[in-house]
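Asker:
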Amino acid sequence: MSRLIVISNRVSAGGGAQGGLAVALTSALREQGGIWFGWSGNRTDEFTGHINFQREDGVTTATVDLEDQDIEEYYNGYANRTLWPLFHYRIDLAEYERDFAGGYQRANERFADTVMPLIEAEDVVWVQDYHMFPLGAELRKRGLRNRIGFFLHIPWPPRRLLVTLPEARELVESLLEYDVIGFHTDEWLQSFCDYAREELGGTLSEDGVLEIGDRRVRLIACPIGIDAKDFAALAASDKARETYDLVRHSAVGRALIVGVDRLDYSKGLEERFLGYERFLTENPHERKEVVLLQIAPPSRASVESYQRIRNALEGLAGRINGEHAALDWVPIRYVNQGYSRDVLAGVYRASRIGLVTPLRDGMNLVAKEYVAAQNPDDPGVLILSRFAGAAEQMKDALLVNPHSAEEISDSIRQALAMPLAERKQRWKALMQGVQDQDVMWWRRRFTAALFAEQPPVLLRSVP
Ligand code: GDG
0 MSRLIVISNR
10 VSAGGGAQGG
20 LAVALTSALR
30 EQGGIWFGWS
40 GNRTDEFTGH
50 INFQREDGVT
60 TATVDLEDQD
70 IEEYYNGYAN
80 RTLWPLFHYR
90 IDLAEYERDF
100 AGGYQRANER
110 FADTVMPLIE
120 AEDVVWVQDY
130 HMFPLGAELR
140 KRGLRNRIGF
150 FLHIPWPPRR
160 LLVTLPEARE
170 LVESLLEYDV
180 IGFHTDEWLQ
190 SFCDYAREEL
200 GGTLSEDGVL
210 EIGDRRVRLI
220 ACPIGIDAKD
230 FAALAASDKA
240 RETYDLVRHS
250 AVGRALIVGV
260 DRLDYSKGLE
270 ERFLGYERFL
280 TENPHERKEV
290 VLLQIAPPSR
300 ASVESYQRIR
310 NALEGLAGRI
320 NGEHAALDWV
330 PIRYVNQGYS
340 RDVLAGVYRA
350 SRIGLVTPLR
360 DGMNLVAKEY
370 VAAQNPDDPG
380 VLILSRFAGA
390 AEQMKDALLV
400 NPHSAEEISD
410 SIRQALAMPL
420 AERKQRWKAL
430 MQGVQDQDVM
440 WWRRRFTAAL
450 FAEQPPVLLR
460 SVP
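If you count the sequence shown from 1, position 277 lands on 276 in numbering that gives the first Met the number 0, and the numbers rise without skipping.
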């Protein structure tokens, strides 16, 4: 049987507090056998390519340390200051620096050099996410003929935005070396096709194979899910119950609205606070009946735009609380720290509303976790941004435009007034989707495409 070689920026097999992605990749590796390769997260004075092998949870991991300059230019630079903002439609924040592009390329070449000797003739390689776009092409240059797939966890930007990236063409051309490319949604896939057609003269077959010159790549929309069963069980755990009681008690009968996001400008936190403030102003009789609990663990703190968003949010939460709080009530509880997954599950379950309003998000797993954690007899209401990939699947949520304070305010009012029968009906439909298309479904769907032989191509124009 072919082994699977998973390659991603960070490696997180094993451990109890892992997320759905780690669970899915770990189980794929356990089933298929293979290796999970990536950056250790550590620095070294000089890159040596020394591999640290470990056996965790039935899976072999292989990690390398990177030099300071690589971390600065590849990770903090090109990945997080160029690609992340651009791919979330924020060209105002994207920094285009040749040094970043050079460091990104160098780090990918180093990854390719290091992982190449670990790959055997029958192995299938699965590369994850925007840190590693050129890795497949680098492996091909080193003579690798195996099947290689790529999955993008973030959105693919519209062509008009992508063309602002000086290396856009090389980046897309390098992607043509993969056999399969997966996106969360049809929208991201179509944006990719639009670039391929308009800038590179590509054509797409009816069954989703992109052809450019002598290259053929299968494109699939393959939305990631969560480990729904596991998350629902977490929500019933002792720790979750304890958290549920604590949080409910502290809300003293008020309806809790919860947001859980990495502190990132793509998550729409400022707009969310302003939408919530609008609700408070427009609904003077109900305002003291709600509390917004926003959990936002800091992330990428060494990047300036992340420091700015943190300061801006602190200022905004302070102003809203200052203007609206009463002796016995503070409207926003803004918490800058992470919690374990069982605690989060308890918080979700205790919350009458899950407020998930990113300005742009590849998928958004918090929306799915919120649904999986609900009490079937008294479920809460999910308010979800139209611009999260998850909105393509989760049509029974209250879908909102996260830029509109009025829509956020209206949806909070609608959710608070929603009768139990409607809450149950919406939740049931959402939960069905979260269970049916869970993270195992996602990885099976992707690996099935990756392990399959390419079918004959029926050509037609890219739509
Ligand atoms: C990228 C894409 C795509 C959050 N706070 C805590 C915590 N979390 C966990 C959540 C959830 C995960 O982090 C966040 O996942 P998201 O999907 O919401 O967002 P990104 O981190 O931006 O992920 C995204 C995803 O990749 C997968 O493809 O959906 O669009 O941007 O699981 O629960 N976990 C713990 N403590 C916290 O305080 N333990």
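Quick reminder that beta carbons are idealized off the backbone N, C-alpha and C, glycines included.
Which same chain residues end up closer than 6 Å to residue 179 when comparing Cβ atoms and leaving out the 5 residues on each side of it in sequence?
Answerer: On the sequence shown, residue 179 is found 180 positions in, with the first residue counted as 1. Cβ neighbours of residue 179 beyond the five flanking positions: 148, 217, 448, 449.
Asker: In this structure, how does DSSP classify residue 173 when only helix, strand and coil are distinguished?
Answerer: On the sequence shown, residue 173 is found 174 positions in, with the first residue counted as 1. Residue 173: helix per DSSP, three-state reduction.
Asker: In whole angstroms, give me the CA-to-CA distance for residue 227 and residue 153.
Answerer: The sequence position of residue 227 within the sequence shown is 228, counting from 1. The sequence position of residue 153 within the sequence shown is 154, counting from 1. Cα-Cα distance, rounded: 21 Å.
Asker: Can you give the Cα-Cα distance for residue 57 and residue 133, rounded to whole angstroms?
Answerer: Translated into positions along the sequence shown, residue 57 becomes position 58. Translated into positions along the sequence shown, residue 133 becomes position 134. The alpha-carbon atoms of residue 57 and residue 133 are separated by roughly 29 Å.
Asker: Out of 261, 347, 345, which has the shortest C-alpha to C-alpha gap to residue 336?
Answerer: By one-based count along the sequence shown, residue 336 stands at place 337. Out of 261, 347, 345, 261 has the C-alpha closest to the C-alpha of residue 336.
Asker: Start and end of the beta strand (DSSP E) containing residue 274?
Answerer: In the sequence shown, residue 274 corresponds to position 275, counting from 1. Unbroken run through residue 274 is the alpha helix (DSSP H), 268-281; no beta strand (DSSP E).
Asker: Specify the secondary structure class of residue 360 as computed by DSSP and reduced to three states.
Answerer: Looking up residue 360 in the sequence shown gives position 361. Looking at residue 360 - three-state DSSP - the assignment turns out to be strand.
Asker: Going by the DSSP bridge assignment, what does residue 36 pair with across the sheet?
Answerer: Counted from its first residue, the sequence shown places residue 36 at position 37. Looking at the DSSP assignment, residue 36 forms a beta bridge with 6, 61.
Asker: For residue 296, is the beta carbon positioned less than 7 Å from some heavy atom of the ligand GDG?
Answerer: As a first step, residue 296 is located in the sequence shown; it is residue number 297 there, counting from the start. Checking every heavy atom of the ligand GDG against the Cβ of residue 296, one is found closer than 7 Å.
Asker: Using a Cβ-Cβ distance cut-off of 8 Å, determine whether residue 215 contacts chain D.
Answerer: The structure shown contains no chain D; it holds only a single protein chain.
Asker: Among 40, 61, 171, which residue has its Cα nearest to the Cα of residue 505?
Answerer: In the structure as shown, the chain starts at 0 and stops at 462, and residue 505 therefore has no counterpart that could be examined.
Asker: Leaving aside the five residues before and after residue 332 along the sequence, list all residues of the same chain whose C-beta is less than 8 Å from its C-beta, in chain order.
Answerer: As a first step, residue 332 is located in the sequence shown; it is residue number 333 there, counting from the start. Cβ within range, chain order: 290, 291, 292, 293.
Asker: Looking at residue 332 and the ligand GDG, is the gap between the Cβ and the nearest heavy atom below 7 Å?
Answerer: Indexing the sequence shown from 1 puts residue 332 at position 333. No, the Cβ of residue 332 stays beyond 7 Å of every heavy atom of the ligand GDG.
Asker: Residue 79: beta carbon under 7 Å from a heavy atom of the ligand GDG?
Answerer: Sequence index remark: in the sequence shown, residue 79 carries index 80 (1-based). Because no heavy atom of the ligand GDG lies under 7 Å away, the Cβ of residue 79 does not count as near it: no.
Asker: Near residue 325, which residues of its chain fall below 6 Å by C-beta distance, leaving aside the five closest residues on each side in sequence?
Answerer: Within the sequence shown, residue 325 is the residue found at index 326, counting from 1. Once the five neighbours on either side are set aside, residue 325 has no close Cβ partner at all.
Asker: Below 7 Å, is the gap between the Cβ of residue 153 and the nearest heavy atom of the ligand GDG?
Answerer: Translated into the one-based positions of the sequence shown, residue 153 becomes position 154. Checking every heavy atom of the ligand GDG against the Cβ of residue 153, one is found closer than 7 Å.
Asker: Any chance the segment 418-429 sits against the segment 388-395, with 3 or more Cβ pairs inside 8 Å?
Answerer: The segment 418-429, when compared against the segment 388-395, does touch it at the 8 Å Cβ threshold.
Asker: Between residue 21 and the rest of its own chain, which residues show a CB-CB distance below 6 Å, the 5 nearest in sequence each way excluded?
Answerer: For the purposes of this step, residue 21 is identified with residue 22 of the sequence shown, where counting begins at 1. 11.
Asker: If we require 4 or more residues per run, which alpha helix (DSSP H) segments fall completely within the segment 60-91?
Answerer: Counting only runs of 4 or more, we get 83-86.
Asker: Give the C-beta separation of residue 436 and residue 222 to the nearest angstrom, bearing in mind that I take them to be a contact with Cβ-Cβ under 8 Å.
Answerer: Here the question's residue 436 lines up with position 437 in the sequence shown. Here the question's residue 222 lines up with position 223 in the sequence shown. Yes, they are in contact, since the Cβ atoms of residue 436 and residue 222 sit about 6 Å apart, within 8 Å.
Asker: Check whether the Cβ atoms of residue 275 and residue 118 sit closer than 8 Å, and answer yes or no.
Answerer: Within the sequence shown, the letter at position 276 stands for residue 275. Within the sequence shown, the letter at position 119 stands for residue 118. Contact: no.
Asker: Taking 7 Å as the cut-off, is the CB of residue 363 close to at least one heavy atom of the ligand GDG?
Answerer: Stepping through the sequence shown from its first residue, residue 363 is reached at position 364. Under cutoff, so the answer is yes.
Asker: Would you give the residue range spanned by the alpha helix (DSSP H) that residue 404 belongs to?
Answerer: If you number the sequence shown from 1, residue 404 lands on position 405. Its alpha helix (DSSP H) spans residues 404-416.
Asker: Within 10 Å of its beta-carbon, does residue 0 have 16 or more other beta-carbons around it, so buried, or fewer, so exposed?
Answerer: Your numbering for residue 0 matches position 1 in the sequence shown. Classification of residue 0: exposed, given that the 10 Å Cβ count is below 16.
Asker: CA-CA distance, residue 190 and residue 251?
Answerer: In the sequence shown, the residue the question calls residue 190 occupies position 191. In the sequence shown, the residue the question calls residue 251 occupies position 252. One C-alpha to the other measures close to 47 Å.
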